[in-house]
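Chains as they are written, first to last, in this note's numbering: chain U, 6 to 395; chain E, 78 to 236.
Down below is the structure, laid out as structure tokens.
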Amino acid sequence: MRNPLADKVVDIKPSGIRKFFDVVSEMKDAISLGVGEPNFDTPWHIREEGIGSLQKGKTYYTSNAGLKELKTEICNYISRTQNIQYDAITEVLVTVGGSEAIDMGLRAMINPGDEVLIPQPSYVSYEPCAILAGAKPVIINLKAENEFRLTAQELEEAITEKTKILILPFPNNPTGAIMERSDLEAIREVILKHDIYVMSDEIYSELTYKGKHVSIASLPGMQERTILINGFSKAYAMTGWRLGYACGPKNIIGQMTKIHQFAIMCAPTTSQYAAVEALKNGDPDVEMMRNEYNQRRRFLMNAFREMKLECFEPYGAFYVFPCIKEFGMTSDEFATRFLEEEKVAAVPGTAFGDCGEGFLRISYAYSLERLKEAMERMARFVNKLREEQK
Amino acid sequence: MREELLALIEKNSRLGINEIAVLLGKDEISVANEIAALEAEGVICGYATLINWEKTNVDKVTALIEVRVTPQRGQGFDSIAERILQYPEVQSVYLISGGYDLMLILEGKTLKEVSNFVSYKLSTLESVLSTATHFILKKYKDFGTVFNSNNEDEREMIV
Numbered sequence: 006m007r008n009p010l011a012d013k014v015v016d017i018k019p020s021g022i023r024k025f026f027d028v029v030s031e032m033k034d035a036i037s038l039g040v041g042e043p044n045f046d047t048p049w050h051i052r053e054e055g056i057g058s059l060q061k062g063k064t065y066y067t068s069n070a071g072l073k074e075l076k077t078e079i080c081n082y083i084s085r086t087q088n089i090q091y092d093a094i095t096e097v098l099v100t101v102g103g104s105e106a107i108d109m110g111l112r113a114m115i116n117p118g119d120e121v122l123i124p125q126p127s128y129v130s131y132e133p134c135a136i137l138a139g140a141k142p143v144i145i146n147l148k149a150e151n152e153f154r155l156t157a158q159e160l161e162e163a164i165t166e167k168t169k170i171l172i173l174p175f176p177n178n179p180t181g182a183i184m185e186r187s188d189l190e191a192i193r194e195v196i197l198k199h200d201i202y203v204m205s206d207e208i209y210s211e212l213t214y215k216g217k218h219v220s221i222a223s224l225p226g227m228q229e230r231t232i233l234i235n236g237f238s239k240a241y242a243m244t245g246w247r248l249g250y251a252c253g254p255k256n257i258i259g260q261m262t263k264i265h266q267f268a269i270m271c272a273p274t275t276s277q278y279a280a281v282e283a284l285k286n287g288d289p290d291v292e293m294m295r296n297e298y299n300q301r302r303r304f305l306m307n308a309f310r311e312m313k314l315e316c317f318e319p320y321g322a323f324y325v326f327p328c329i330k331e332f333g334m335t336s337d338e339f340a341t342r343f344l345e346e347e348k349v350a351a352v353p354g355t356a357f358g359d360c361g362e363g364f365l366r367i368s369y370a371y372s373l374e375r376l377k378e379a380m381e382r383m384a385r386f387v388n389k390l391r392e393e394q395k
Numbered sequence: 078m079r080e081e082l083l084a085l086i087e088k089n090s091r092l093g094i095n096e097i098a099v100l101l102g103k104d105e106i107s108v109a110n111e112i113a114a115l116e117a118e119g120v121i122c123g124y125a126t127l128i129n130w131e132k133t134n135v136d137k138v139t140a141l142i143e144v145r146v147t148p149q150r151g152q153g154f155d156s157i158a159e160r161i162l163q164y165p166e167v168q169s170v171y172l173i174s175g176g177y178d179l180m181l182i183l184e185g186k187t188l189k190e191v192s193n194f195v196s197y198k199l200s201t202l203e204s205v206l207s208t209a210t211h212f213i214l215k216k217y218k219d220f221g222t223v224f225n226s227n228n229e230d231e232r233e234m235i236v
């Protein structure tokens, strides 16, 4: 029989995040710090809108690009948070999570051999999606000494004649790094100089703890070369609703909508109705969750300081990325022993790129009680490793 | 810091000064001073514990009592409310808008104790016109906390 599979797909490595976690669910008293989704339920008024739409029989497809009302609310939201104006009819596509927007965007823009710049450590889907779209992924290794921000120099060095798109994943999963206005202004020069496009994945934009998030699309000359991707999962604790969106130039959104139309039809209708409510009345919920995440972030940073573990202070998302290089182990070894000996599961930094070696991703999308217990175990573990080294 | 501090300890009054300081990103001295000020100003009135008594062997009966009263000249409802709140079995006294005037929350050991209170103490007060007593059969949620909730983490590792 012939091989039924596509080499391009088979060659893609499976995600490294899962590895430990099948073990965790079997293990008694194990604490997972691995999950990358909010620990809050979707606020009730948002759920209620979803339920209400079902009761009213709103069970049909929406138009391909999404409910007009939702697209309008998305434009209002971006206008009030970033002061960027998009046309709701032609410049917005509602997608099945931010993930779909990433995939559609790359598929719409890539010609064979085009290079896509992917700063790492970063979320695991950019590289596979770029490969599937026919691009050559080019990795930029971000550095701890820059707080894992992308510098103009790093960008300049990675650009070739074939570079077409820069993926800009900030606030960042897994490092928690953010790009402030001055950081964005620095890379903007390079982007304009080389005439490349930006796919800005801003799914964690509401979760920043040092001033408000700035979108690169809001900088002069950037809106026409940026696909802004965002969604409802992280800001409104709506992961299971699978809803995101892309905003960008009409010609790109138009082609993305074409693929979306053929592959997906439209994003889930119930979710779209709920999302309208989220954008209209969800600001207080976002603020409540942001405050709580921020408290946990401070708690973890303090715990690391007390155990004298090196960790740059992250100002975004809900991850901290401590450095474990002092123990002379790989991230994988550290995570494995941490799980075996203290029953705490965290994700090795290498799951997010080779340059994540020597780091650990710890999610604080967990209750403070859980984090306290985990940090007690971590302090014990770190002390034990230091004893062993003597 | 005031509002964030209050929101934090309203949900968990057992947090130590040092923990509060870490969570709010403030130093311990300013947190301690702020709490002392809040106590002095009567903003913080006490530190209670939320108990689900149904899970203990202690028998308790809680009743909500609606009370209609005659307001008194020059004092409105304050005088009668202040009289009623003196009874130790009365947990809460609220002035309410709508069909009646005061709402009491009463705790007793038995039904009889509660009904005795209503018949002999409350109803006999001069300005009390009528009462309606509702016994609480089961508490599902109290002070923002769901009793008997399933706290299991159902989130899966997906990528």
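Backbone N, C-alpha and C define an ideal beta-carbon position, used for all residues, glycine too.
All values derive from a computational prediction rather than experimental measurement.
Burial check for residue 168(E): the Cβ neighbour count within 10 Å stays below 16, so the residue is exposed.
Using a Cβ distance threshold of 7 Å, residue 262(U) and residue 160(U) do not count as a contacting pair.
Linking residue 154(U) to residue 209(U) through their CA atoms gives a straight-line distance of about 15 Å. Among the residues facing chain E, residue 321(U) is not included, as its CB has no counterpart in that chain under 7 Å away. Here residue 390(U) is near residue 332(U), since their CB atoms are less than 7 Å apart.
Contact between the stretch 102-115 of chain E and the stretch 169-179 of chain E is absent: fewer than three C-beta pairs spanning the two stretches fall below 8 Å.
Residue state for residue 103(U) is assigned as helix, using DSSP reduced to three classes. Taken in chain order, the complete alpha helix (DSSP H) segments of 4 residues or longer contained in the stretch 120-185 of chain U are 131-137 and 157-163. The beta carbon of residue 78(E) sits no closer than 7 Å to any beta carbon of chain U.
For secondary structure counted as the alpha helix (DSSP H) over 4 or more consecutive residues, the stretch 64-99 of chain U holds these complete runs in sequence order: 73-87. When C-beta atoms of the stretch 165-175 of chain U are compared with those of the stretch 125-135 of chain U, three or more pairs fall below 8 Å, so the two segments count as touching. In this chain, the beta strand (DSSP E) harbouring residue 366(U) covers 365-368. Residue 62(U) counts as exposed, since fewer than 16 other beta carbons sit within 10 angstroms of its beta carbon. Going by C-alpha positions, residue 249(U) is about 59 Å away from residue 147(E). Contacts with chain E at 7 Å (Cβ-Cβ) do not include residue 125(U). Contacts with chain U at 7 Å (Cβ-Cβ) do not include residue 82(E). With respect to the 7 Å criterion, residue 163(U) and residue 195(U) are not classified as neighbours on the basis of their beta carbons. Of 10(U), 231(U) and 349(U), the smallest CA-CA separation from residue 34(U) is found for 349(U). For residue 228(U), no beta strand (DSSP E) run applies, since DSSP gives it neither H nor E. Each residue's CA atom was taken as its position, placing residue 224(U) and residue 190(U) some 7 Å apart.
Apart from the 5 residues on each side of it in sequence, residue 217(U) sits with its Cβ closer than 8 Å to the Cβ of 86 in its chain, given in chain order. Among the residues facing chain U, residue 167(E) is not included, as its CB has no counterpart in that chain under 7 Å away. When 9 Å is used as the limit between beta carbons, residue 99(E) is near these residues of chain U: 300, 303, 304, 306, 307 and 308, in chain order. From the beta-carbon of residue 232(E), the residues of chain U found nearer than 7 Å are 40 and 42.
Considering only beta carbons, the part of the stretch 17-36 of chain U lying closer than 7 Å to chain E consists of 20, 22, 23 and 26, in chain order. Nearest CB-CB separation between residue 153(E) and chain U: not below the 7 Å threshold. Where residue 26(U) is concerned, the enclosing alpha helix (DSSP H) starts and stops at 26-31.
Per the coordinates, the alpha-carbon of residue 81(E) lies some 18 Å from the alpha-carbon of residue 123(E).
Residue-level contact check: residue 102(E) touches chain U, since one or more beta carbons of chain U fall below 7 Å from its beta carbon.
One thing to note: residue 232(U) has its Cβ no nearer than 7 Å to the Cβ of residue 259(U). Beta bridge pairing from DSSP links residue 180(E) with 143(E) and 171(E).
By the beta-carbon neighbour count (other beta carbons within 10 angstroms, threshold 16), residue 11(U) is exposed. Residue 244(U) sits in a helix when the DSSP states are folded into three classes.
Residue 276(U) is positioned such that its CB atom lies no closer than 7 Å to that of residue 324(U).
Within the stretch 196-224 of chain U, the runs of beta strand (DSSP E) that reach at least 3 residues and sit entirely inside it are, in chain order, 202-206. For residue 178(U), no chain E residue has a C-beta closer than 8 Å to its own C-beta; the minimum C-beta separation is roughly 10 Å.
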